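>
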Amino acid sequence: MLGPALPALLCTTACDGPAGAGRSARPSPSKTSGSPSKTCDADLCTRLVAPWSREVLDGGTYGDYRSMGLSHGRYAIPRDVVDAARTMRRRQDAGGADELIGRQTCIACTERYRHGSPSGGPRQ
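Reading the sequence shown from the start, the letters are residues 8 to 131 in the working numbering.
1) Alpha carbon to alpha carbon, what distance is there between R121 and G66?
2) Take D90 as the anchor and find which of Y69, D50, T117 and R54 has the nearest alpha-carbon.
3) Quick check on R119: buried or exposed, where buried means 16 or more other Cβ atoms within 10 Å of its Cβ?
4) What does the Cβ neighbour count give for R86, buried or exposed, with the cut at 16 atoms within 10 Å?
5) Assign T94 to one of two classes, buried (16 or more other C-beta atoms within 10 Å of its C-beta) or exposed (fewer than that).
6) Please name the residue in A83, R98 and D105 whose C-alpha comes closest to that of E62.
7) For W59, which of C22, L77, A49 and S124 has the nearest alpha-carbon?
8) Between the Cα of A92 and those of C116, L64, T53 and A83, spot the shortest distance and give me the residue it belongs to.
9) Can you tell me which residues form a DSSP beta bridge with R121?
10) Tell whether a beta-carbon distance below 8 Å holds between T117 and C22.
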C-alpha cells in the first residue's frame, strides 16, 4: 500500500526546481507543502499552461481556451507569462525566456490554487 503521503510527493510543484521549468516534475519529499489536492491542482496547471506559453512565444497564436484544454481562469496565465517572456527574450536570450516561462507559470498556478480549486464552475 502506498499511503496518503504519495499524492503530495507526486504532485509537488517546486517553482525553483525541475517542476518550475514546467517540463518535468520530480518528486521531492523536502519540497512538499500544503494539501495534496492544492499542490496537484497547481502542478497540473503548470504542466498544462507552460507548454502553451512556449508555443505562443515561439510564434504560435492563442487559440480558444477550450481548444487549448485550459479553463477560462488558466487561460489568463499564459497571456501575462508570454508578455514577460517576450521582453526577456529581447533583453537576454531564448534560454532566459524559457526559464522565465517555467518559473512564472509555476508561481501563477501556485497562487491560483493556494486556497484550493477556484469556485464558480468547471470553466473557472
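Glycine is no exception: its CB is placed at the ideal position from the N, C-alpha and C atoms.
A quick note: this is a predicted structure, and the numbers were derived from the prediction, not measured.
In brief:
1) In a straight line, the C-alpha of G66 is about 31 Å away from that of R121.
2) Y69
3) buried
4) exposed
5) exposed
6) D105
7) Ranking the options by Cα distance to W59, first place goes to L77.
8) L64
9) G123
10) yes
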